[in-house]
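K.L.:
Take this structure, written in structure tokens, and hold onto it; I'll ask about it next.
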Amino acid sequence: MTETVAFSKHSANVFFHILTQCNLTCRHCYINPTQHGNAMLPIETITAWLEFFVQKTNHANLILLGGEPTLHPQLPEAAKAARRMGYKSITIDTNGYLFHDVLNKIPPEDLDFMSFSLDGATPQTNDRIRGEGCFARCTAGIRRAVERGFHTSLIFTVSKKNIHELHRMPELLNRLGVERFFIQVIGIRGKSAGPVNDVTKDEKNGLQVDRDTWLSLIPAVAREAADLGITVTYPKVFLGDDERFECAGLVADNYFIFPNGRVYRCPLCEDYPLHSSEMNGNRLSPTGKINEQDLFGLTIPEGCVMNKLIQSGNQAYRPNGAPAYRIACCLLKEEVKARQ
Ligand code: SF4
Ligand code: SF4
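Take any residue in the sequence shown, note its place counting from 1, add 263, and you have its number in our numbering.
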């Protein structure tokens with residue numbers, strides 16, 4: 264059964280980018296060093312910020328990410344500290360290269376999920392987006408993690424460049440022993456927003472898939488994966504006429520933390536200095552106006568304000584000028600539970 268995961272102020276999520284460095288140069292990376300800095304946070308700062316957020320959020324779900332977080336030699340210490348502090352769940356998002364022998368340094372019980380990113384079901388498609396040899400390294404990493412006893416999940420970021428292979432993912436994930444599948448939609452931010460990062464205007468306009476393609480494919484692939492015993496989460500993206508629009512910035516509790524201290528509540532704002540708070544002396548302080556909070560309350564017929572501002576290519580209009588449908592908050596997800 265497919266269920267919309269309702270927003271809640273009582274279940275917080277902390278997305279903690281502990282560094283922005285990465286060994287890969289994926290074509291559509293959302294990390295933007297001009298906005299997010301180049302720092303690798305020292306472990307003392309990581310643990311101080313973890314401590315602050317575990318208390319502020321009443322034991323949030325924690326996602327440790329980067330850049331590539333396994334490039335941080337003290338990632339195992341960070342995971343251990345988070346476990347000790349009592350975070351509700353702890354996930355590491357990795358590109359699969361698993362530096363610093365991380366699988367042997369983190370006991371599987373210190374993590375809820377080791378989450379891998381792959382953007383194709385074949386080396387041809389994945390490596391065109393993520394780099395030569397990446398498919399082989401990532402799938403080998405998944406196999407090793409499963410063998411070591413980690414629970415594994417996988418993130419697939421859908422664009423026009425790889426949607427033709429999405430239907431092949433359930434079988435691949437089943438073969439690899441992956442338990443959870445996160446389908447993401449590509450955001451027009453970071454490299455995808457070009458032109459500073461050499462993405463052409465045509466490429467940028469042609470990345471996001473249209474509504475009919477999304478609705479005809481994504482739920483069906485999710486059900487197929489669920490039939491194989493894999494729980495699937497995917498963004499709603501397009502709201503139905505009778506569905507309520509809600510902005511997570513107002514009704515949920517999410518923190519997107521970057522190593523330069525910026526803390527955003529909306530991922531679509533991350534390309535801009537619109538963060539509503541920042542870390543100062545290991546505490547969170549509000550930033551000056553105007554910031555993302557000023558946008559969250561704006562009501563427009565298209566749904567999400569930031570979507571309209573930065574990636575309106577996914578919207579369509581009727582002949583009378585009214586939007587043909589509304590775009591949901593990018594954080595609104597559908598979940599299809601594993602059926603086995
Ligand atoms: S692995 Fe992640 S952080 Fe690294 S380049 Fe790719 S998308 Fe960016
Ligand atoms: S994506 Fe849109 S709806 Fe969601 S938090 Fe950002 S501004 Fe609000």
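For glycine and all other residues, C-beta sits at the position ideal for the given N, C-alpha and C.
#1: Flag L502 as yes when its Cβ comes closer than 7 Å to any non-hydrogen atom of ligand 4, and as no otherwise.
#2: Taking the beta strand (DSSP E) that E266 belongs to, which residues open and close that run?
#3: Three-state secondary structure (DSSP) at T288?
#4: Would you call the stretch 395-402 and the stretch 420-429 touching, i.e. three or more CB-CB distances under 8 Å?
#5: Measuring CB atoms only, is the stretch 427-446 touching the stretch 521-541, in the sense that at least three cross pairs come out at less than 8 Å?
#6: What residue does the beta strand (DSSP E) around F519 start on, and which one ends it?
#7: For F445, list the residues DSSP reports as bridge partners.
#8: I326 and F279 look like a contact to me (Cβ under 8 Å); what is the Cβ gap, rounded to whole Å?
#9: Taking all protein chains shown into account, do 16 or more other C-beta atoms lie within 10 angstroms of the C-beta of C593, making it buried, or fewer, making it exposed?
#10: Return the bridge partner residues of N324 from the DSSP annotation.
#11: With H, G and I counted as helix, E and B as strand and the rest as coil, what does DSSP make of V459?
#12: Is T320 near ligand 1 - that is, is its Cβ less than 7 Å away from at least one heavy atom of it?
#13: So within the stretch 540-580, which uninterrupted alpha helix (DSSP H) runs reach at least 4 residues, ignoring any that extend past its ends?
#14: On the DSSP letters alone, give me the boundaries of the alpha helix (DSSP H) that K368 sits inside.
#15: Is the beta carbon of D375 closer than 8 Å to that of H414?
#16: Measuring alpha carbon to alpha carbon, tell me which residue in N543, C510, N301, N545 is nearest R528.
#17: Is E372 helix, strand or coil by DSSP?
#18: Mapping DSSP to helix, strand and coil, what is F379?
#19: Three-state secondary structure (DSSP) at R528?
P.N.:
Per the coordinate set shown:
#1: Within the structure as shown, ligand 4 is missing, the only ligands being ligand 1 and ligand 2.
#2: Start and end: 265-268.
#3: coil
#4: no
#5: no
#6: 517-520
#7: I418, T496
#8: 7 Å
#9: buried
#10: N276, S352
#11: At V459, the pLDDT of 40 sits below 50, so the modelled position is not reliable; the number obtained from the coordinates is stated separately. Coil.
#12: no
#13: 556-559, 568-573
#14: 365-368
#15: yes
#16: Comparing Cα-Cα distances from R528 to each of N543, C510, N301, N545, the minimum goes to C510.
#17: helix
#18: strand
#19: coil
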